[in-house]
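Structure, as structure tokens:
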Amino acid sequence: MLIRHTRPSDVKPSEITPRAVFADRRRFLATAAVAGATAVLSPLLAGPAVAGRKLDGITKSPFSTDEELTDYKSVTTYNNFYEFGAGKDDPVENSADFEPRPWTVAVEGEVAKPGVYDLDDLIRPHALEERIYRMRCVEAWSMVIPWVGVPLGDVIKRLEPTSKARFVAFDTLYDPKRMPGQQRAILDWPYREGLRMDEAMHPLTILAVGLYGEELPNQNGAPIRLVVPWKYGFKGIKSIVRISFQEAMPPTSWNIATPHEYGFYANVNPNVDHPRWSQARERRIGEFFKRETLMFNGYGEEVAHLYTGMDLAKFY
Amino acid sequence: MTPEQRLRWIVKPLVFVLCLMPLAWLAWRAVTGDLGANPIEATNRFLGDWALRFLLITLTVTPATRLTGQAVFMRFRRMLGLFAFAYAVLHVSSYVGLDQFFAWAEIWADIVKRTYITVGMATLLMLIPLAATSTKGMIKRLGAARWKALHRLVYPAAIGAVVHFYMMVKADVREPLIYAGVLAVLLGYRVVAAWRRGAKPARRTV
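Taken in sequence, the protein lines are chains A and B. 1 is the number of the first residue of the first sequence in the numbering used here; add one for each residue after it. 1 is the number of the first residue of the second sequence in the numbering used here; add one for each residue after it.
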């Protein structure tokens, strides 16, 4: 249940420690620990690296979960972003020099207002919201991430898609010089994703431009990425440069790579296994015991109706 | 100090300690919290990597001996093989005890349903008799010919280990392909050597 009735025991979003504060605290602890001649230092105490630019005017959202957040360091050092390498720690290492500004997004296809939009022109007309979502990776691990973004539906309405627009397609930047992972054909670049129009218009679906109250770090898909919390993480295409409205279902990268393992819908579903592993349980990063995976990643109440009558084992 | 004494009291213990280094490194990283956001996955992968590496290192001993004529290499084969086994056991233990936390039903389902885990478990099963018969006493009991025949299981085991790795990778198969390449050279050497000796079957030792 996402539309919450606040209980006195709830951690209010306003009580979440701002990152600067806890970063400082950690730095202090690290110094104290060194001073205390502690030889064995936890990296948790060592403090995260660079802080991104703070985003202002973020409003809270009733769609946020009150589950415990995955720590900033894990969110920003354990990433799948093959454009910067296939290892989990490759993106943070190889994206350090990536410059996500200036940035434009091409809007194309069945839409009344096509064009090449500056990122700010695309996002700024809308109020930034914090959306604390569960993120379930297809690899059976999960996180809770405080995204900052705007509802994709609001952006789409402003762009005025035509009646022919049944799907929205997204492309990641293709620039092997800036994205060294693209120098090898691990995937058929550029990375492509897509949503059915009703999925794209759903209020849970957002275009994220930040996390933890700051601009999106490069390794998390700077400067703009998709977040669809009831779908596996790979649907959340990063560093978007093209949004295209079309009548036909767009091809998607992982489906092109291994069609029997990754479908177009990629809804989180504990009852439909990946051919190589079970999807029934997941490891929440930071926890030892696995959790049961929830249907639609726990967002069934909001989104199950989108798939009424569909065989989800067939349309995985 | 005779060369034999030097080998027994200095070189062998040194190699033994070297073989323990990956484990020490893993322990250090675990204690200092350097295993990243998913330490269980990191531990499991690390142990699997080293099990495979030690298998390949073990398979290098015979060609190295033959190519250099230095019989002394053979003195390390058992130790290296047992380290391969030890890392493989630790790798599987980390899967059973850390990753799945003894959820036997899930583990069994994995073994039956997930081909790469089936292959991995079969690989471990093949290594068990090799470790169990690694003592001088067992060689005597089995007789050299039967012992040798049994220990050829290391070839399918090594192939199984590489296939297991290859099958679990999502997209970037470069790393498992490197291991596959090394294994191909090591097995290829044996095929060529056996073929060359084809006329003299009495001397066939692989």
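All C-beta atoms, glycine included, are put in the ideal place defined by N, C-alpha and C.
If you look at residue 135/A, you'll find it in the beta strand (DSSP E) that goes 129–136. Counting every other CB atom within 10 Å of its CB across the protein chains shown gives residue 237/A a total of 16 or more, marking it as buried.
A distance of 7 Å or more separates the beta carbons of residue 94/B and residue 62/B. Around residue 37/B, the beta-carbon contacts reaching into chain A at under 7 Å are 74, 77, 78 and 285. Listed by position along chain A, the residues whose Cβ is nearer than 7 Å to that of residue 172/B are 86 and 186. By the beta-carbon neighbour count (other beta carbons within 10 angstroms, threshold 16), residue 246/A is buried. Against chain A, the CB of residue 45/B has no partner CB under 7 Å away; the residue lies outside that interface. Beta-bridge partners of residue 237/A (DSSP): none assigned.
The Cβ neighbour count for residue 171/A, taken over all protein chains shown within 10 Å, is at least 16; the residue is labelled buried. Around the CB of residue 121/B, 16 or more other CB atoms lie within 10 Å, so the residue is classed as buried. At a cut-off of 7 Å between beta-carbon atoms, residue 276/A makes contact with chain B. From the listed residues 83/B, 40/B, 109/B and 56/B, the smallest Cα separation to residue 22/B is found for 83/B. Chain A has a Cβ within less than 7 Å of the Cβ of residue 114/B. Annotation for residue 85/B: 127 and 131 place their beta carbon closer than 6 Å to its own, counting only its chain and skipping 5 residues before and after. Along the stretch 248–270 of chain A, the positions whose C-beta sits under 9 Å from a C-beta of chain B are 254, 257, 258 and 261, read in chain order. According to the DSSP secondary-structure assignment, residue 117/A is paired through a beta bridge with 105/A. According to the DSSP assignment, residue 143/A belongs to the beta strand (DSSP E) that extends over 141–151. Across the structure, residue 310/A and residue 192/A are spaced so that their CA atoms are roughly 24 Å apart. In the three-state reduction of the DSSP assignment, residue 208/A falls in the strand class, which pools E and B. Contact check for residue 186/B against residue 59/B passes: the beta carbons are separated by less than 7 Å. Counting only residues of its own chain and dropping the five nearest sequence neighbours on each side, residue 256/A has a CB closer than 7 Å to the CB of 188. At a Cβ-Cβ threshold of 7 Å, residue 269/A and residue 312/A count as neighbours. When 297/A, 60/A and 252/A are compared, the shortest CA-CA separation from residue 272/A is found for 297/A.
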